Every structure is written in C-alpha cells, then in structure tokens.
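Just so you know, my numbering puts the end of the sequence shown at 358, numbered straight through with nothing missing. No residue lacks a Cβ here, since even glycine has one placed at the ideal position from N, Cα and C. Computed from a predicted structure; not experimentally measured.
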Amino acid sequence: MSQPRSLTDKFFLIVKGLFMGAANKVPGVSGGIVAFVGGFYEEFILSLQKINAKAFKLLIGGHFKSFYRYVNGSFLTLLIFGMLVSYFSVSKLLDYFLERKELFVWAAFFGMILGSIYYIGKDFTHWNKKTVPAAIIGLVVGISISFLSPAKENDNLLFVFLCGIISVSGMTLPGLSGSFILILLGNYVLLLVDSVNALYDTFAEVIRGDFSFVRNQARLGTLKVLAVFTTGSATGLVTLSHLLAFVLKHHKHITTAVILGFITGSLGVVWPWKRTLFKTGEDGMVLLDSNGREIIANYERYFPDFANSETWWAMFFVLVGIGILLVLDWYGKRRKKAV
C-alpha cells in the first residue's frame, strides 16, 4: 500500500493536509474532496483501516517500528501534521477572509467543487442501472442537506461525542461537509471556533509560562468539550474507514457514483451568492445564543448581478478554484508517470 515518496512528494502531502484542514472547517466544503481529487483517498481510508486490534497489539507490545509501518505511519503523520498546522494557521487566515471577503472565498470553493465534479466524472465510464440511481440518491441527499435548518447549541458531552463521530464524515465522505453538519446540529461555533480558540489561547499562555487557565472554569469546560469532540472524531474516523474500505473494495463504482451525487448536491451549500438569515423571536428581534452571538437560521440564495463589478471578481475566483483542481490533476498524472 505504501509507496516510496520523494522529498517533493512529502512536501505536497503536507500541503494537501493543509487544504484538507482548511476545507474541513468551511461549511459546505468537504476535506474528503481534497483527498479524492489529490489522488490519495483510497490510501487514506485503507491506512485508517489499519488502526485495528493488530495495530494496538503491536503498539502495546513495544513494536513501534512495526506499528508505524503497519499503519502507513509516514503517510498519516505528514497528512495529519498538515491538518493540525492548518487549524492554527490557514484556517485562521480563512476566517479573516470569510469575515471580510466572504463572496470571494465561497466563489473559490464553488470553483473547486465544480473542478472536482469534472475531475471525478471525466474518467468514470461505469454508468448502469445500479450506478445511476446511486448518483441520484447522492444528489438528492446532498441538496436536501443544504436546505435543512440548524438546531440550537448543545454542550452535553454525549451529544458532543456524537457530533465528533458525525462531523468527521467530511474527511471520509467527499461531498458531505462535516462543518456544515455541525451547523445543522447547532454546534459549529462551539466546536470549531470557541474550542479551537480556547486551545490556541491555552498553548500561547503555557509557552509564556502562564498557567492561570487551570483556575478558569469556563476555559476548562471548553477544553473538556474539545477533548470529548476529538475523541468522538477519532472514533468516527476509524469506524467509518473500516466501513468505507469494505464498500470501496466490493462496490467501488456505486460508491464513486454516490460521491459524484454528493459533491454535485453540495454546490447548493457553497453557492457564493447568498445572504445569511438569522432566527428571530415573536417580536422580530434576532435571537442570540448563550455567548451573545446571532443564531443562524439558514441562507437565502440569489442570482448574481452582472452589473456589479464584485460579481466579475467572484467569477474570477470561481476560475481560480477550478484552476487549483486542474493543477492537482496535472500533478497527480505526473506522479503516476514517475512511479
């Protein structure tokens, strides 16, 4: 399963991890798309599948090198490193641009998803009476998810654990956005904003020699929530990988068709031209959560105004998004020829 990798390949694997981490944080975008288009989706799933009883036996027995080789450790380490760096760097930059240039960010991701559909569909020639209905089901589910209304925030630890299991779907199922699922569950801000910021602030304080966070009950509570969410995510990642490895092995074409449907359906979530709708009370006032933030009800989508110069800039970023996928396609073909 594991292939020899040059220094350049290892660098690009970290970059792909950066993209996966950033994509996982953006509502409507799936990190699994990056894995699929980057040409390492199957290796990712099969590597995660190796985290099983045999792997734990090797680890507990002190056979660390054997464990590392068995789980394709070099591949997973570089990829996960890229994701972790992304959560504390690229995703922070992404948050900045989402706040100031939201239309252009959505446009770029819309272009990337368009490019993904082309990338996955161009070589798929296995349309038949099984794959066509599978693609339609994936499409309908993808579209339906984009029109669901979010729930209220819930910090119950069992629910947070379940959120972790469900949200990791974005890494393992291309087209299904884990972060958008968290919005629907009402816990996006709690788990991907407040918790990550609390961890970042804690690390920064510890580096400065400041351990005052141990007396901050609110901070400790948020860190506990993050720990439970992370445990749920790890559980979901390993569990789903075993299921997907089986499905990919025995029903590869049907799985690819479903993924194509999912990705196409997710275009509705990342449609760049939309307005955020907020929940309001009987008096018409916008409802706030426990931290004083406006509660998102859903999005209102509209068609672009081509008389507006900003629309043409957005179209440019759609092309940039498509271009990123074409570069990944070129790199993947080049690497296959070199192997």
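DSSP three-state label for residue i, please.
i	result
M20	Low confidence applies to M20: its pLDDT is 46, below 50, so where it sits in the model is not reliable, and the reading given next is rough at best. In this structure, M20 counts as coil in the three-state DSSP scheme.
V212	helix
V305	strand
G80	coil
G157	helix
N43	helix
E121	helix
H145	coil
E172	coil
When burial is assigned at 16 or more other CB atoms within 10 Å of the CB, is residue i buried or exposed?
i	result
W146	exposed
N216	exposed
F129	buried
A223	exposed
N91	buried
A42	buried
Y321	exposed
T241	buried
M20	For M20, the predicted structure reports a pLDDT of 46, less than 50, and the residue's modelled location is therefore unreliable. The matter cannot be settled from this model.
T221	buried
Q68	buried
M304	exposed
A326	exposed
A54	buried
Per DSSP, which residues does residue i bridge with? Please list them.
i	result
R320	K293
Look at residue i and residue j and say whether their C-beta atoms are less than 9 Å apart.
i	j	result
V34	Y138	no
L279	A154	yes
I99	G183	no
L26	F59	no
L203	I64	no
- Is the stretch 144-163 touching the stretch 260-277, taking contact as three or more C-beta pairs under 8 Å? Touching, yes.
- At a cut of 8 Å, does the stretch 75-84 reach the stretch 131-143 through at least three beta carbon pairs? Contact between the stretch 75-84 and the stretch 131-143 is absent, because fewer than three Cβ pairs lie under 8 Å.
- If we count Cβ pairs, one from each stretch, closer than 8 Å, do we get three or more for the stretch 185-192 versus the stretch 40-55? Touching, yes.
- Query: Can at least three beta-carbon pairs, one atom from the stretch 280-298 and one from the stretch 174-182, be found at a separation below 8 Å?
  - Reply: Contact between the stretch 280-298 and the stretch 174-182 is not established, with fewer than three Cβ pairs separated by less than 8 Å.
- So, do the stretch 115-135 and the stretch 324-335 have three or more beta carbon pairs nearer to each other than 8 Å? Counting Cβ pairs under 8 Å, three or more are found: they touch.
- Evaluate the contact criterion for the stretch 154-164 versus the stretch 249-258: three or more CB pairs, one atom per stretch, below 8 Å. The stretch 154-164 makes no contact with the stretch 249-258; the number of CB pairs closer than 8 Å stays below 3.
- Task: Taking 8 Å as the threshold, find out whether the stretch 232-248 comes into contact with the stretch 203-214 through three or more Cβ pairs.
- Result: They touch, by the three-pair rule.
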